[in-house]
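Data first, discussion second: the structure below is written as structure tokens.
2 protein chains.
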Amino acid sequence: MTPNDAALADLFARTAVHSWKLHLDRLDTMFAAFTDEELQQEIAPGKNRVFYLLGHLAAVHDRMLPLLRLGPRRHEDLDQDFLINPDKAGPDRVSAPALRQAWTDVNTALTAAIEALSARDWLLRHEAISDDDFANEPLRNRLSVLLSRMTHAQFHAGQIRLVVPGR
Amino acid sequence: MTPNDAALADLFARTAVHSWKLHLDRLDTMFAAFTDEELQQEIAPGKNRVFYLLGHLAAVHDRMLPLLRLGPRRHEDLDQDFLINPDKAGPDRVSAPALRQAWTDVNTALTAAIEALSARDWLLRHEAISDDDFANEPLRNRLSVLLSRMTHAQFHAGQIRLVVPGR
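Heads up: the protein sequence lines correspond to chains S and E, in order. The numbering used here applies: residue 7 is where the first sequence begins, and numbers increase by one. The numbering used here applies: residue 7 is where the second sequence begins, and numbers increase by one.
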């Protein structure tokens, strides 16, 4: 039985979304291995704390909501401390439990919206490219954002892994 | 103008392959920033050397050739030192220039073969799953391997970034 072209495009989308969810699950497992106190640990001497990377990833994923045109942001309050400022620029203004909650909240909303996209939706432009530019650069679509954020998350996962407790 | 379903599937494949190539380019740039001597540096105290991760990534990408059913391996000789053994298990048996060459050679062969795949090809099974199992688990296709190896490479890129010279 050979799938037709519509089924092919659908399988592509499902494979990409499945991969996104697998990678989020791995990060969840990793963060869950740290106590709130252990989140304060630096990934290497003088480098970012795990706490900062948790906030950073929550903020970046929150920005995916408007970037993928899936809805408004939910945690814009994270930007100053976790995107604009480097780590340790000032005292922490959010608690570890609140930060964990933001991470879960963002990913729950994002993944639900992502799962509702059709194959065709994935190949539409993302918010940061104009219709005119997109006409010439069709690869700058929503899927490219998903792939780039998936690898971004794993980039930091590789760093966090260096200090996961119990290894 | 709305693309038809065949064009959609083709766009999916092109977006994924473009992303793969972008990520390889970034790794190439990163490795090029290290002198052969600097490759000996550990990513953090007591952790893997950049040299080991270069060999590890070359070996993992080399294994993608048979795993994606694109041809035989080219550098099976890397497995013992960079996949089976941990780092610093014995003296280095390959020079930095030879290791850089293997990395380039593997990725050149792999990317050429990948670019020749049609959208339909991407959704066929990979070598590590049987026809019977694949009938029930169609997401375990070649595309899933590409995405998983792309994030694997970025996982280690995040670690290497910690010691890239000049940062």
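C-beta atoms are modelled at their ideal positions from N, C-alpha and C, and glycine is treated no differently. A quick note: this is a predicted structure, and the numbers were derived from the prediction, not measured.
- Message: Quick check on the burial criterion: 16 or more other C-beta atoms within 10 angstroms. Buried or exposed for residue 21 of chain E?
- Response: With a 10 Å radius around the Cβ and a threshold of 16 neighbouring Cβ atoms, residue 21 of chain E comes out buried.
- Considering only C-alpha positions, which residue in the set E:170, E:171, E:156 is nearest to residue 63 of chain E? Closest in alpha carbon position to residue 63 of chain E, among E:170, E:171, E:156, is E:156.
- Task: Starting from residue 166 of chain S, trace the alpha helix (DSSP H) both ways and give me its first and last residue.
- Result: First-last of the alpha helix (DSSP H) with residue 166 of chain S: 148 to 166.
- Are any of the Cβ atoms in chain E nearer than 9 Å to that of residue 53 of chain S? True, the Cβ-Cβ gap to chain E drops below 9 Å.
- Verify whether the separation of the beta carbon atoms of residue 179 of chain E and residue 123 of chain E is less than 9 Å. The structure shown does not extend to residue 179 of chain E, since chain E spans only 7 to 173, so no value can be given for it.
- Which residues share a DSSP beta bridge with residue 55 of chain E? Residue 55 of chain E is bridged to E:48.
- Message: Within a Cβ cutoff of 8 Å, which residues of the same chain sit near residue 137 of chain S, ignoring the five residues on either side of it in sequence?
- Response: 131, listed in sequence order.
- Item | When S:68, S:48, S:116, S:115 are compared against residue 165 of chain S, the one with the closest alpha-carbon | Of the candidates S:68, S:48, S:116, S:115, the one whose C-alpha sits nearest the C-alpha of residue 165 of chain S is S:48.
- Message: Taking only three categories from DSSP, how would you classify residue 131 of chain S?
- Response: Looking at residue 131 of chain S - three-state DSSP - the assignment turns out to be strand.
- Item | residue 99 of chain S - DSSP class collapsed to helix/strand/coil | If DSSP states are grouped into helix, strand and coil, residue 99 of chain S belongs with coil.
- Task: Use the C-beta contact count for residue 113 of chain S: other C-beta atoms within 10 angstroms, 16 or more gives buried, fewer gives exposed.
- Result: Buried: at least 16 other Cβ atoms inside 10 Å.
- Select from S:57, S:23, S:167 the residue whose C-alpha is nearest the C-alpha of residue 175 of chain S. Because chain S in this structure spans residues 7 to 173, residue 175 of chain S falls outside the shown range and cannot be described.
- Query: Going along the chain, which residues of its own chain have a beta-carbon closer than 7 Å to the beta-carbon of residue 15 of chain E, five neighbours each way excluded?
  - Reply: Shown here for residue 15 of chain E: same chain residues with a beta carbon closer than 7 Å to its own, the five before and five after excluded, namely 125 in chain order.
- Task: Give a yes or no on whether the C-beta atoms belonging to residue 143 of chain E and residue 72 of chain E are separated by under 9 Å.
- Result: Taking 9 Å as the Cβ cut-off, residue 143 of chain E and residue 72 of chain E do not qualify as a contacting pair.
- What is the DSSP secondary structure of residue 23 of chain E, counted as helix, strand or coil? Correct three-state label for residue 23 of chain E: helix.
- Item | residue 174 of chain S classed as buried or exposed, judged by whether at least 16 other C-beta atoms fall within 10 angstroms | Since the first and last residues shown for chain S are 7 and 173, residue 174 of chain S lies out of range.
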